[in-house]
DNA sequence: GCACTCGTACGATGGTTGTCGTACAAGCGA
DNA sequence: TCGCTTGTACGACAACCATCGTACGAGTGC
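Protein chains in written order, with the numbering used here: chain A, 44 to 153; chain B, 44 to 153.
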């Protein structure tokens, strides 16, 4: 049977919008998620539950959805778990230097 | 008598918050304002009215206020006019590379 | 003085959003 | 099989926000 790895909708690289990305990153909880994701090894794909954020599960789902729809992260399903990765390459291609600048600032100040 | 140039409240450099800056820049109208401001000569200080944006005066005032309170721009009064400048140095000091990355992306894609 | 311009302040309004609780679907493991 | 875990979906709710119109205060120029 076919492996179900990508039934979750994601915007294509060319469709990424600066406003949406900035808006997604302007939320402290989401920025925290992205910073943690960025701190992971390249081949590591943490699940949603592995993020120890100060909100409930449903709020967490909401934030991941915002990040995914803005094109900041990519999600794929494995069993009941949902694996998350930063879309570094796509972001870098569309908005060179942006993610690095945000992450550097986010890490330095709280 | 003292010249009244700075009775308008601005956050200090150390008080600038990444979330607030990203949020301010995530609005297309405001991003447009900032991009125009960035395109000005260094010694040029355009007034609020010189921005040909697609919103009414009061909405314009609102957006300038958001940008000012986030620390993205500085405003000073001269007569009835209000002169605007980008806080390039402060932004660069707190969030190195961020403004440039945003502006570069904003200019490239509409 | 008087009209005009610049920009703010205030209130209203409709849309967006961050948060949560509950219910549910799907896989994992004993 | 029977829980347990993962995460989503949906509804609710309060807070926020972008927008506008109107009214106003303060300079500017005739």
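Idealized CB from N, CA, C, for every residue including glycine.
#### Entry: Residue nearest to residue 76(A) in terms of C-alpha spacing, selected from 96(A), 143(A) and 140(A)
Here residue 76(A) refers to the residue found at position 33 when the first chain is read from its first residue. For the residues 96(A), 143(A) and 140(A), the minimum Cα distance to residue 76(A) belongs to 96(A).
### Query
Expressed to the nearest angstrom, what Euclidean distance is found between the alpha-carbon atoms of residue 115(A) and residue 121(B)?
One-based indexing of the first chain puts residue 115(A) at position 72. One-based indexing of the second chain puts residue 121(B) at position 78. Spanning the two alpha carbons is a distance of roughly 42 Å.
#### Entry: In chain order, each alpha helix (DSSP H) run of at least 4 residues that lies wholly inside the stretch 66-132 of chain B
71-81 and 100-113
### Task
Say whether chain B places a C-beta atom closer than 8 Å to the C-beta of residue 54(A).
Position 11 of the first chain, counted from the start, is the residue given in the question as residue 54(A). No, no contact with chain B.
### Task
Can you tell me which of the three DSSP states residue 60(A) falls into?
Numbered from 1 along the first chain, position 17 holds the residue referred to as residue 60(A). Coil, per DSSP.
### Query
residue 145(A): buried (16+ other C-beta within 10 angstroms of its C-beta) or exposed?
Locating residue 145(A) in the first chain gives position 102, counting from the first residue. Buried, by the Cβ-count rule.
### Query
Is the stretch 99-109 of chain A touching the stretch 49-60 of chain A in the sense that three or more CB pairs, one from each, lie closer than 8 Å?
no
### Task
Select from the stretch 63-90 of chain B all residues with a C-beta closer than 9 Å to any C-beta belonging to chain A, and list them in chain order.
63, 64, 65, 66, 67, 68, 69, 70, 71 and 74
### Query
Any idea what DSSP makes of residue 144(B), helix, strand or coil?
On the second chain, residue 144(B) is found 101 positions in, with the first residue counted as 1. Three-state DSSP puts residue 144(B) in a helix.
### Message
Here's the rule I'm using: 16 or more other beta-carbon atoms within 10 Å means buried, otherwise exposed. How should residue 136(A) be labelled?
### Response
By 1-based counting over the first chain, the position of residue 136(A) is 93. By the 10 Å Cβ count, residue 136(A) comes out exposed.
#### Entry: Same chain, Cβ closer than 7 Å to residue 81(B), five either side skipped, listed in chain order
Residue numbering aside, residue 81(B) sits at position 38 when the second chain is read from its first letter. Within the same chain, residue 81(B) has close Cβ partners 129 and 146.
### Message
Here's the rule: buried if 16 or more other CB atoms are within 10 angstroms of the residue's CB, otherwise exposed. What is residue 151(A)?
### Response
Your numbering for residue 151(A) matches position 108 in the first chain. Answer is exposed; the Cβ neighbour count stays below 16.
### DSSP three-state assignment for residue 136(B), whether helix, strand or coil
Taking the first residue of the second chain as 1, we reach residue 136(B) at position 93. Residue 136(B) falls in the helix class under three-state DSSP.
### Task
Run down chain B in chain order and give the residues with a C-beta less than 8 Å from the C-beta of residue 140(A).
Within the first chain, residue 140(A) is the residue found at index 97, counting from 1. Neighbours of residue 140(A) across chain B, judged by C-beta separation under 8 Å: 140, 143, 144 and 147.
### Message
Checking 8 Å against the spacing of the C-beta atoms, do residue 85(B) and residue 62(A) come in under that value?
### Response
Translated into the one-based positions of the second chain, residue 85(B) becomes position 42. Translated into the one-based positions of the first chain, residue 62(A) becomes position 19. Result no, Cβ atoms of residue 85(B) and residue 62(A) do not sit closer than 8 Å.
### Message
So, under 8 Å CB-CB, residue 68(B) and residue 142(A) are touching, yes? Tell me the CB distance rounded to an integer number of Å.
### Response
Looking up residue 68(B) in the second chain gives position 25. Looking up residue 142(A) in the first chain gives position 99. The Cβ separation is near 14 Å, so there is no contact.
### Message
Rounded to whole angstroms, what is the Cα-Cα separation between residue 98(B) and residue 108(B)?
### Response
In the second chain, counting from the first residue as 1, residue 98(B) sits at position 55. In the second chain, counting from the first residue as 1, residue 108(B) sits at position 65. Computed Cα separation, rounded: 15 Å.
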